[in-house]
Amino acid sequence: MKFKRFLKSYSLLHAPKLLLIFSLCLEALVPPIPGIIDFMPLLLMMIAFYWSIYHPERLPYPFLFFIGFFQDIIFDEMLGLSSFILIVFSVLLRRTQKKLIHRGFLTLWCVFCLLIMAFEALRLLISAFSSPYVYMLETVLMQGIISAACYPCIHFLCSGILTIEHDNKRRYAK
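Rendered as structure tokens:
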């Protein structure tokens, strides 16, 4: 019984990391159909957004760096670009965490939409000046729109994980 409780608490404690690794694996398994990547939501950004607001201590910067680094390797992008964007994204959210944590879902969704478009524009600018691959504006807009449309699913998945964790803490505290 103690091992089962330990396993549940351990897996929930590391749920953000496991979700990021799982989403990176999902993105890596996308079939090599030309143009399909344009329609993939930015799962890493969605998960990092949620956990950077609600439990930032569960996503340390070195972990975000390595996830971004592996994403760059998998998608053959400029090394360090995804790491840079994930870390800056997380730093901004952690600094505004106290203002955002008590806001409603619609406010968070609007903040996510604005941030995702801003960081996709940043990715476009950085890659235009330093990468042999040039992102098309339509691609960036499409990924931003699809990510904004998919964010509610990720938000409710992550909040469900937090609810399970809080329920387990209450159950085992008795």
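All you need for our numbering is the position in the sequence shown, starting with 1, plus 27.
Heads up, the beta-carbon is just placed ideally off N, CA and C, and yes, glycines get one too.
For residue 89, the enclosing alpha helix (DSSP H) covers residues 88–102. In this chain, the alpha helix (DSSP H) harbouring residue 147 covers 132–157. As the crow flies, the alpha-carbon of residue 106 is around 12 Å from that of residue 153.
Here residue 182 is buried, its C-beta having at least 16 other C-beta atoms within 10 Å. About 6 Å separates the beta carbon of residue 80 from that of residue 124, a gap short enough to meet the 8 Å contact definition. Counting only residues of its own chain and dropping the five nearest sequence neighbours on each side, residue 99 has a CB closer than 8 Å to the CB of 105, 106, 107, 108, 109, 110.
Taking all protein chains shown into account, residue 93 has fewer than 16 neighbouring C-beta atoms within 10 Å of its C-beta and is therefore exposed.
With the rule of 3 Cβ pairs closer than 8 Å, the stretch 38–55 does not count as touching the stretch 115–123. Between the C-alpha atoms of residue 131 and residue 60 there is a straight-line separation of about 38 Å. Within the same chain, and ignoring the five residues on either side of residue 82 in sequence, the residues whose Cβ sits closer than 8 Å to its Cβ are 43, 189. Within the same chain, 143, 144, 147 come within 7 Å of residue 171 by CB-CB distance, once the 5 residues on both sides are set aside. DSSP, read as helix, strand or coil, puts residue 58 in coil.
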